[in-house]
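Peer 1: Please read through the structure below; I'll follow up with questions.
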Amino acid sequence: MDTDQTPIIPQPEHEETFWDRHRFTLLLIFTVIIAIVLTCVSMVMYTASGAAQLDLSRPGYQSVSDKVDRETKIDEYDAFGPVTTGTIKEFRELYDEQAAKAKAVDAFNGDPLNPEILEASPTTGE
Amino acid sequence: MNTAYARIFGVALAAVLFVTAVTPQVSAQSAEIEVSRLQSISENCVSIKNTLNQLHASDALLRVNRGQVYESMASRMMDKFNTRLSSNSLDAKATVSVTTGYRTALDTFRKDYQAYERQLSVAIKIDCRENPGLFAVAIDDARSKRKVVHEDVQKLHQYIDDYRSAVGDFLINFERVGQ
């Protein structure tokens with residue numbers, strides 16, 4: 016009676032390489048590296064584009080983050096339609112209203128960084 | 059002749075003596091002011107930092123609120139009217155030209171605000187108790203950059219007025235042609 020000597024689990028024909036043995040670990044490492052690189056790129060873009068300065072959810076801006084003006088909105092003029100004396104005058108009236116909203120605040124006026132104002136503040140919290 | 063030379067020499071000598079006598083006093087005065095300023099910065103460091111932090115936040119809010127309005131003026135009013143004129147085959151060169159100038163001014167406003175905000179952040183990070191001199195320089199720089207931002211705002215307001223004038227001129231021409 017012959018007995019079959021063939022092993023149930025086939026033996027590999029060649030030795031496993033480093034990559035074969037650590038495939039999963041290397042996959043995880045590469046994934047983390049790619050995630051870090053993409054995060055760095057997006058942070059650079061976030062800072063360089065000026066988006067960071069408009070982001071009021073950043074630390075230091077919590078006191079004003081709920082004060083964003085949602086009331087002052089510029090109305091939209093219809094880009095399509097006929098042009099008549101009436102429509103131009105209508106546009107001019109609408110424009111005057113919106114221009115008044117835009118010019119209502121003389122933003123960044125004053126001189127709060129003047130040393131005489133800034134540095135003469137009374138000492139507090141010392 | 060000799061008397062004239064002597065007079066000129068005398069006047070020149072007097073001038074030199076006056077300048078050499080006054081200049082050290084002026085520079086000593088400015089040095090005194092500088093020293094007292096640095097001392098004031100060191101002493102009021104905490105309150106100055108608080109003021110700067112408040113200004114930093116309130117200016118950011120102002121930038122967001124005004125930026126939205128300025129952007130909308132271009133996209134919701136100027137661009138739309140220019141499109142309407144063009145779609146009716148009318149000459150919109152003047153209004154388009156003002157809109158282009160307005161957009162350029164808006165870009166400058168954005169960039170100048172970024173430069174100002176960065177400079178103010180730099181100043182806030184400096185330890186004003188340890189480095190009052192460096193802090194004073196940073197604040198002076200931020201101050202001049204804030205003035206530039208205010209000038210940009212005034213330019214934007216001027217362009218808004220210019221666009222209104224351009225529409226007025228267009229209306230006059232349109233009525234003249236229509237008659």
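Residue numbers (the numbering used here), protein chains in the order written: chain A, 16 to 141; chain B, 59 to 237. Even glycine gets a Cβ: it sits at the ideal position worked out from N, Cα and C. A quick note: this is a predicted structure, and the numbers were derived from the prediction, not measured.
Verify the CB distance criterion: does B/SER145 have a CB-CB separation below 8 Å to chain A?
Peer 2: The residue labelled residue 145 of chain B in the question sits at position 87 within the second sequence. Interface residue, yes.
Peer 1: Could you check which residue in A/GLY101, A/PHE39, A/ARG36 and A/LEU69 has the C-alpha nearest to that of B/ARG176?
Peer 2: Numbered from its first residue, the second sequence carries residue 176 of chain B at position 118. If we check each option's Cα against that of B/ARG176, A/LEU69 comes out closest.
Peer 1: When you compare only the Cα positions, how much space is there between A/ALA50 and A/ALA117?
Peer 2: As a first step, residue 50 of chain A must be located in the first sequence, where it is residue number 35. As a first step, residue 117 of chain A must be located in the first sequence, where it is residue number 102. Looking at the two C-alpha atoms, the distance is approximately 42 Å.
Peer 1: Closer than 8 Å, CB to CB, is B/ILE184 near chain A or not?
Peer 2: In the second sequence, the residue the question calls residue 184 of chain B occupies position 126. So, not an interface residue.
Peer 1: Measure the C-alpha to C-alpha separation of B/LEU96 and B/PRO190 and round it to an integer number of angstroms.
Peer 2: Residue 96 of chain B sits at position 38 when you count from the first residue of the second sequence. Residue 190 of chain B sits at position 132 when you count from the first residue of the second sequence. Cα to Cα, the separation comes out at about 5 Å.
Peer 1: Quick one: what does DSSP say A/THR99 is sitting in, helix, strand or coil?
Peer 2: Counted from its first residue, the first sequence places residue 99 of chain A at position 84. In the structure shown, A/THR99 sits in coil (DSSP, three-state: anything other than H, G, I, E or B).
Peer 1: Could you please tell me which residues of the segment 57–84 of chain A, in chain order, have their CB closer than 8 Å to any CB of chain B?
Peer 2: Within the segment 57–84 of chain A, the qualifying residues are GLY65, GLN68, LEU69, LEU71, GLY75, TYR76, SER78, VAL79, LYS82, VAL83 and ASP84.
Peer 1: Taking A/GLY96 as the query, report the chain B residues whose CB atoms sit under 8 Å from its CB, ordered along the chain.
Peer 2: Along the first sequence, read from residue 1 onward, the residue named residue 96 of chain A stands at position 81. Those are ARG142, listed as they occur along chain B.
Peer 1: Going along chain A, which residues have a C-beta under 9 Å from B/ASN189?
Peer 2: Taking the first residue of the second sequence as 1, we reach residue 189 of chain B at position 131. Simply none; closest approach about 15 Å.
Peer 1: Would you list, in chain order, the members of the segment 210–233 of chain B that have their beta-carbon closer than 9 Å to a beta-carbon of chain A?
Peer 2: Per Cβ criterion, the list reads ASP210, VAL211, GLN212, LEU214, HIS215, ILE218, ASP219, TYR221, ARG222, VAL225, GLY226, PHE228, LEU229, PHE232 and GLU233.
Peer 1: Could you check the C-alpha separation between B/SER145 and A/ARG107 for me, to the nearest Å?
Peer 2: Along the second sequence, one-based indexing puts residue 145 of chain B at 87. Along the first sequence, one-based indexing puts residue 107 of chain A at 92. Using only the alpha carbons, I get a separation of about 18 Å.
Peer 1: Considering only residues of the same chain and omitting the five flanking positions on each side of A/LEU41, which have a CB-CB separation below 8 Å?
Peer 2: In the first sequence, the residue the question calls residue 41 of chain A occupies position 26. Correct list, in chain order: TRP34.
Peer 1: Compute the Euclidean distance between the alpha carbons of B/LEU164 and B/ASP219, then round it to the nearest angstrom.
Peer 2: Position 106 of the second sequence, counted from the first residue, corresponds to residue 164 of chain B. Position 161 of the second sequence, counted from the first residue, corresponds to residue 219 of chain B. Those two C-alpha atoms are separated by around 15 Å.
Peer 1: Does B/ALA89 come within less than 8 Å of chain A when only Cβ atoms are used?
Peer 2: Against the second sequence, residue 89 of chain B aligns to sequence position 31. Output row for B/ALA89: interface = no.
Peer 1: Quick check: what's the CA-CA separation for B/GLU233 versus B/THR157?
Peer 2: Residue numbering aside, residue 233 of chain B sits at position 175 when the second sequence is read from its first letter. Residue numbering aside, residue 157 of chain B sits at position 99 when the second sequence is read from its first letter. Roughly 23 Å between the two C-alpha positions.
Peer 1: Ignoring anything shorter than 4 residues or poking outside the segment 121–150 of chain B, list the alpha helix (DSSP H) runs there in chain order.
Peer 2: You should have 137–145.
Peer 1: Check whether chain B comes within 8 Å of A/ASP93, counting only Cβ atoms and requiring the distance to be less than that.
Peer 2: For the purposes of this step, residue 93 of chain A is identified with residue 78 of the first sequence, where counting begins at 1. For A/ASP93, the answer is yes, since a Cβ of chain B falls inside 8 Å of its Cβ.
Peer 1: Could you run through the segment 160–177 of chain B and flag, in chain order, every residue whose CB is less than 9 Å away from some CB of chain A?
Peer 2: Residues ARG168, LYS169, TYR171, GLN172, TYR174, GLU175 and ARG176.
Peer 1: Could you tell me the alpha carbon to alpha carbon distance between B/ALA150 and B/ARG134, rounded to whole angstroms?
Peer 2: The count along the second sequence starts at 1 and reaches residue 150 of chain B at position 92. The count along the second sequence starts at 1 and reaches residue 134 of chain B at position 76. For B/ALA150 and B/ARG134, the distance between alpha carbons rounds to 17 Å.
Peer 1: Taking CB distances under 8 Å as the criterion, tell me whether B/ALA200 reaches chain A.
Peer 2: Your numbering for residue 200 of chain B matches position 142 in the second sequence. Yes - at least one Cβ of chain A is within 8 Å of the one on B/ALA200.
Peer 1: By Cβ distance below 6 Å, which residues in the same chain neighbour A/GLY101 in space, the five residues on each side in sequence not counted?
Peer 2: Residue numbering aside, residue 101 of chain A sits at position 86 when the first sequence is read from its first letter. Excluding sequence neighbours, A/GLY101 sits near nothing in its chain.
Peer 1: Please compile the residues from chain B whose C-beta is within a distance smaller than 9 Å of the C-beta of A/THR32.
Peer 2: Locating residue 32 of chain A in the first sequence gives position 17, where the first residue counts as 1. In chain order: nothing, as chain B lies at least about 50 Å away.
Peer 1: Between which two residues does the alpha helix (DSSP H) holding B/HIS215 run?
Peer 2: Taking the second sequence and counting its residues from 1, one reaches residue 215 of chain B at position 157. First-last of the alpha helix (DSSP H) with B/HIS215: 190–236.
Peer 1: Please report the distance separating the alpha-carbon of A/SER72 from that of A/VAL59.
Peer 2: Walking along the first sequence from the start, residue 72 of chain A turns up at place 57. Walking along the first sequence from the start, residue 59 of chain A turns up at place 44. So the alpha carbons of these two residues sit roughly 18 Å apart.
Peer 1: If you measure from the beta carbon of B/VAL127 to each beta carbon in chain A, is any gap under 8 Å?
Peer 2: Numbered from 1 along the second sequence, position 69 holds the residue referred to as residue 127 of chain B. So, interface residue.
Peer 1: By the 10 Å Cβ neighbour count, where 16 or more other Cβ atoms means buried, how is A/GLU134 classified, buried or exposed?
Peer 2: Within the first sequence, residue 134 of chain A is the residue found at index 119, counting from 1. Under this definition A/GLU134 is a buried residue.
Peer 1: In or out: A/ILE44 buried (at least 16 other Cβ within 10 Å) or exposed?
Peer 2: For the purposes of this step, residue 44 of chain A is taken as the residue at position 29 of the first sequence. That one is exposed.
Peer 1: I'd like the span of the alpha helix (DSSP H) that includes B/ARG187, first residue to last.
Peer 2: As a working note, residue 187 of chain B is residue 129 in the second sequence. Careful: B/ARG187 lies outside any alpha helix (DSSP H) and carries neither H nor E.
Peer 1: To the nearest angstrom, report how far apart B/ARG142 and A/GLY125 are at their CA atoms.
Peer 2: Your numbering for residue 142 of chain B matches position 84 in the second sequence. Your numbering for residue 125 of chain A matches position 110 in the first sequence. Their Cα atoms are separated by approximately 39 Å.
Peer 1: Taking the alpha-carbon of A/TYR110 as reference, which of B/VAL195, B/CYS103 and B/LYS138 has the nearest alpha-carbon?
Peer 2: Residue numbering aside, residue 110 of chain A sits at position 95 when the first sequence is read from its first letter. Residue B/LYS138 is the option with its Cα nearest to A/TYR110.
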